[in-house]
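Listed in order, the protein sequences are those of chains Z and P.
The numbering of the first sequence is my numbering, which starts it at 8 and goes up by one.
The numbering of the second sequence is my numbering, which starts it at 413 and goes up by one.
See below for the structure under consideration.
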Amino acid sequence: MKRILIIMLLFFLVGNIMAQDTKQSEIDSLVDVALAKKGFKPSKTQFMIRGYGHTGLNNVTTNGDTESSYVGSAFAPIFLFKHSDKLLFEAELEFVLEANNLDVGLEYANVMYVANDYLTIRAGKFLLPFGTFMERLHPSWVNRLPTKPLGFGHDGIAPGSGIGLELRGSVNLGGPRLNYSVYSTNGPRLKDGSIEPDEAGRLLFSNFEDNNNSKAFGGRLGFLPFSDSSTEIGFSTYSTNGTGIKDTVYQDVGAFLYAFDFSFIKQIPAISGMVDIKSQYNNSKVDNATYIDEEDGLPYTFNNESNSFYAQLSYRPTMADNDFIRKLELVGRYSSFNAPVGAEWAGEAEQYAFGLNYWLSWRSLIKVAYQTTDTIGGHDGDGNTKGFFIHWAIGF
Amino acid sequence: MKTIYKTTIITLSLFLMTVLFVACSSTKDKYTDASDDDFKIEKSGAQLWGETCNRCHLAPSPTDYNDTDWDTIALHMRVRANISKDDIEKIREFLKSAN
Chain Z
8 MKRILIIMLL FFLVGNIMAQ DTKQSEIDSL VDVALAKKGF KPSKTQFMIR GYGHTGLNNV
68 TTNGDTESSY VGSAFAPIFL FKHSDKLLFE AELEFVLEAN NLDVGLEYAN VMYVANDYLT
128 IRAGKFLLPF GTFMERLHPS WVNRLPTKPL GFGHDGIAPG SGIGLELRGS VNLGGPRLNY
188 SVYSTNGPRL KDGSIEPDEA GRLLFSNFED NNNSKAFGGR LGFLPFSDSS TEIGFSTYST
248 NGTGIKDTVY QDVGAFLYAF DFSFIKQIPA ISGMVDIKSQ YNNSKVDNAT YIDEEDGLPY
308 TFNNESNSFY AQLSYRPTMA DNDFIRKLEL VGRYSSFNAP VGAEWAGEAE QYAFGLNYWL
368 SWRSLIKVAY QTTDTIGGHD GDGNTKGFFI HWAIGF
Chain P
413 MKTIYKTTII TLSLFLMTVL FVACSSTKDK YTDASDDDFK IEKSGAQLWG ETCNRCHLAP
473 SPTDYNDTDW DTIALHMRVR ANISKDDIEK IREFLKSAN
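Have a look at this one:
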């Protein structure tokens with residue numbers, strides 16, 4: 008009798024354990040199905056929409072005349088399509104409200120393929136690694152000030168983007184790091200004065216279709232000497248054999264541009280915060296050519312060399328005890344621009360900008376800034392422009 | 413102009429060749445016979461994240477994105493910020509393990 012009881016008890020126990028097992032595996036598989044339905048299973052291909060936007064208030068006084076306006080409402084969606092672990096397509100559209108118009112731009116659209124550990128191939132329209140500002144620092148949630156330094160963007164001398172092919176890569180040399188990029192794009196266009204005489208000799212970098220067959224060749228070499236990656240120095244070039252329209256005297260007017268960039272970022276306990284320095288020098292030399300003076304119809308020429316420079320210092324008290332203070336950032340920037348003497352657009356400009364930022368998150372900040380620019384010569388003659396800006400930028 | 417142009421191309425090709433040469437010559441020999449390398453502590457993904465991802469913008473925290481998103485972002489940043497494969501792989505693993 009005892010035996011029968013023990014055997015029955017055993018059966019009961021074993022049965023129970025087995026039942027529990029099946030229950031557990033049933034639950035597991037149900038969870039798997041549920042997770043798969045919810046999309047938690049990682050996929051190899053992925054599509055992401057990212058981007059950024061900004062808006063703000065500008066109060067600009069030029070030679071005593073003040074203009075104040077809410078500005079921006081810029082919206083720049085970025086599309087990332089990861090095809091595989093090596094193949095990615097990126098595109099950025101830019102919608103900006105300016106001068107009562109909606110400007111739409113295709114900032115970049117390119118496909119990139121990681122060929123091996125040290126080489127990635129990119130083709131399409133991409134931001135040019137001419138220095139670091141345009142490629143790495145211009146998005147409004149990355150740029151610590153609401154404005155670009157002199158020499159960049161509209162009326163600037165540094166190329167921002169191009170259509171072509173690029174090879175790039177990077178290597179960790181066991182502490183120091185080296186990165187390179189070489190590319191060929193449609194060459195820049197020379198403004199020969201036939202349309203805008205007072206712009207004769209300037210380069211235009213929007214080159215959706217090449218105006219002659221000369222391509223631009225360029226590249227950047229970046230070196231991070233210290234193993235903490237705090238410091239980077241870079242050297243870039245951009246050159247072309249011809250910039251003028253095909254079959255005109257300007258066809259073979261070449262150009263050679265170069266840039267130096269410097270970056271330093273480090274948390275320094277002695278001053279309880281993060282110091283960030285960014286700087287870039289651009290130089291542009293276009294071959295001398297003869298243009299026609301719009302007023303007297305006489306030919307003239309000049310040494311077509313321009314340069315621009317900026318240095319920016321910012322400080323975030325990242326080690327402060329107070330939460331509010333930790334989110335603040337102080338920033339100062341100096342920039343200068345020198346256009347060629349003898350050109351219709353000859354001139355010099357010098358600018359100081361100061362700002363106080365409040366970081367709401369790692370991708371959103373409120374910038375309050377004051378900027379003063381002194382100009383000698385140039386389009387609008389000598390003068391001073393003071394600007395007061397409050398901007399709100401957000402990346403998503 | 414032509415000379416400047418040629419010089420640029422040549423300089424850049426030389427740079428590229430040097431880079432490829434350095435990159436392709438395996439660092440293994442260095443590790444076997446360089447004694448000071450024996451004492452070098454490999455940086456962790458977390459440390460690399462702290463040093464690399466705040467060079468241009470503030471560094472995002474691992475919890476800002478899910479694993480799939482980090483895969484795409486890591487690839488995007490690898491190319492855009494020209495980060496080496498070794499570095500980005502470690503950072504990606506860290507971000508995915510700590511979110």
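Positions of the beta carbon are idealized from the N, C-alpha and C atoms, including for glycine.
Sheet register partners of residue i (DSSP bridge)
{"i": "residue 306 of chain Z", "result": "Z:299"}
{"i": "residue 128 of chain Z", "result": "Z:120 and Z:174"}
{"i": "residue 188 of chain Z", "result": "Z:175 and Z:227"}
{"i": "residue 266 of chain Z", "result": "Z:243 and Z:289"}
{"i": "residue 101 of chain Z", "result": "Z:112"}
{"i": "residue 196 of chain Z", "result": "Z:211"}
{"i": "residue 283 of chain Z", "result": "Z:272 and Z:321"}
{"i": "residue 55 of chain Z", "result": "Z:87"}
{"i": "residue 377 of chain Z", "result": "Z:361 and Z:395"}
Cβ-Cβ distance between residue i and residue j below 9 Å
{"i": "residue 128 of chain Z", "j": "residue 174 of chain Z", "result": "yes"}
{"i": "residue 243 of chain Z", "j": "residue 261 of chain Z", "result": "no"}
{"i": "residue 181 of chain Z", "j": "residue 134 of chain Z", "result": "no"}
{"i": "residue 89 of chain Z", "j": "residue 120 of chain Z", "result": "no"}
{"i": "residue 164 of chain Z", "j": "residue 264 of chain Z", "result": "yes"}
{"i": "residue 98 of chain Z", "j": "residue 81 of chain Z", "result": "no"}
{"i": "residue 236 of chain Z", "j": "residue 501 of chain P", "result": "no"}
{"i": "residue 143 of chain Z", "j": "residue 468 of chain P", "result": "yes"}
{"i": "residue 131 of chain Z", "j": "residue 111 of chain Z", "result": "no"}
{"i": "residue 61 of chain Z", "j": "residue 346 of chain Z", "result": "no"}
{"i": "residue 406 of chain Z", "j": "residue 393 of chain Z", "result": "For residue 406 of chain Z there is no data in the structure shown, the boundaries of chain Z being 8 and 403."}
{"i": "residue 185 of chain Z", "j": "residue 491 of chain P", "result": "no"}
{"i": "residue 63 of chain Z", "j": "residue 77 of chain Z", "result": "yes"}
Straight-line Cα distance separating residue j from residue i
{"i": "residue 257 of chain Z", "j": "residue 266 of chain Z", "result": "25 Å"}
{"i": "residue 372 of chain Z", "j": "residue 249 of chain Z", "result": "43 Å"}
{"i": "residue 313 of chain Z", "j": "residue 210 of chain Z", "result": "11 Å"}
{"i": "residue 146 of chain Z", "j": "residue 100 of chain Z", "result": "13 Å"}
{"i": "residue 149 of chain Z", "j": "residue 370 of chain Z", "result": "8 Å"}
{"i": "residue 391 of chain Z", "j": "residue 170 of chain Z", "result": "37 Å"}
{"i": "residue 276 of chain Z", "j": "residue 340 of chain Z", "result": "23 Å"}
{"i": "residue 85 of chain Z", "j": "residue 311 of chain Z", "result": "37 Å"}
{"i": "residue 495 of chain P", "j": "residue 290 of chain Z", "result": "27 Å"}
{"i": "residue 245 of chain Z", "j": "residue 331 of chain Z", "result": "44 Å"}
{"i": "residue 459 of chain P", "j": "residue 472 of chain P", "result": "14 Å"}
{"i": "residue 510 of chain P", "j": "residue 208 of chain Z", "result": "54 Å"}
{"i": "residue 183 of chain Z", "j": "residue 273 of chain Z", "result": "16 Å"}
{"i": "residue 432 of chain P", "j": "residue 294 of chain Z", "result": "Any reading at residue 432 of chain P must be qualified, since the residue scores a pLDDT of 49, below 50, and its modelled position is unreliable; the value itself is stated next. Rounded to the nearest angstrom, the two C-alpha atoms are 33 Å apart."}
{"i": "residue 336 of chain Z", "j": "residue 397 of chain Z", "result": "14 Å"}
{"i": "residue 55 of chain Z", "j": "residue 476 of chain P", "result": "14 Å"}
{"i": "residue 198 of chain Z", "j": "residue 251 of chain Z", "result": "8 Å"}
{"i": "residue 104 of chain Z", "j": "residue 113 of chain Z", "result": "15 Å"}
{"i": "residue 508 of chain P", "j": "residue 108 of chain Z", "result": "43 Å"}
{"i": "residue 389 of chain Z", "j": "residue 70 of chain Z", "result": "9 Å"}
{"i": "residue 348 of chain Z", "j": "residue 355 of chain Z", "result": "9 Å"}
{"i": "residue 474 of chain P", "j": "residue 194 of chain Z", "result": "41 Å"}
{"i": "residue 434 of chain P", "j": "residue 483 of chain P", "result": "Per-residue confidence for residue 434 of chain P stands at a pLDDT of 47, beneath the threshold of 50, marking its modelled position as unreliable; the derived number appears in the next sentence. Residue 434 of chain P and residue 483 of chain P: Cα-Cα distance of roughly 28 Å."}
{"i": "residue 159 of chain Z", "j": "residue 34 of chain Z", "result": "60 Å"}
{"i": "residue 387 of chain Z", "j": "residue 353 of chain Z", "result": "11 Å"}
{"i": "residue 122 of chain Z", "j": "residue 487 of chain P", "result": "13 Å"}
{"i": "residue 126 of chain Z", "j": "residue 74 of chain Z", "result": "49 Å"}
Cutoff 9 Å: residue i Cβ touching any chain B Cβ
{"i": "residue 456 of chain P", "result": "Within the model displayed, chain B is absent; protein chains Z and P are what it includes."}
Of the listed residues the options, nearest to residue i (C-alpha basis)
{"i": "residue 359 of chain Z", "options": "Z:353, Z:338 and Z:370", "result": "Z:338"}
{"i": "residue 68 of chain Z", "options": "Z:402, Z:395 and Z:403", "result": "Z:395"}
{"i": "residue 480 of chain P", "options": "Z:78, Z:53, Z:59 and Z:91", "result": "Z:53"}
{"i": "residue 254 of chain Z", "options": "Z:401, Z:106, Z:220 and Z:233", "result": "Z:220"}
{"i": "residue 190 of chain Z", "options": "Z:292, Z:222 and Z:113", "result": "Z:222"}
{"i": "residue 188 of chain Z", "options": "Z:279, Z:34, Z:123 and Z:137", "result": "Z:137"}
{"i": "residue 200 of chain Z", "options": "Z:363, Z:351, Z:36 and Z:368", "result": "Z:351"}
{"i": "residue 228 of chain Z", "options": "Z:202, Z:367, Z:344 and Z:139", "result": "Z:139"}
{"i": "residue 499 of chain P", "options": "Z:102, Z:176, Z:72 and Z:79", "result": "Z:176"}
{"i": "residue 344 of chain Z", "options": "Z:361, Z:288 and Z:368", "result": "Z:288"}
{"i": "residue 357 of chain Z", "options": "Z:309, Z:212 and Z:315", "result": "Z:315"}
{"i": "residue 106 of chain Z", "options": "Z:91, Z:124 and Z:79", "result": "Z:79"}
Segment contact flag, the stretch 367 to 381 of chain Z with the stretch 142 to 156 of chain Z, C-beta cutoff 8 Å, min 3 pairs = Touching, per the Cβ criterion.
Within the chosen definition, does the stretch 276 to 284 of chain Z reach the stretch 306 to 326 of chain Z through at least 3 CB pairs nearer than 8 Å?
-> With the cut-off at 8 Å, the stretch 276 to 284 of chain Z and the stretch 306 to 326 of chain Z touch.
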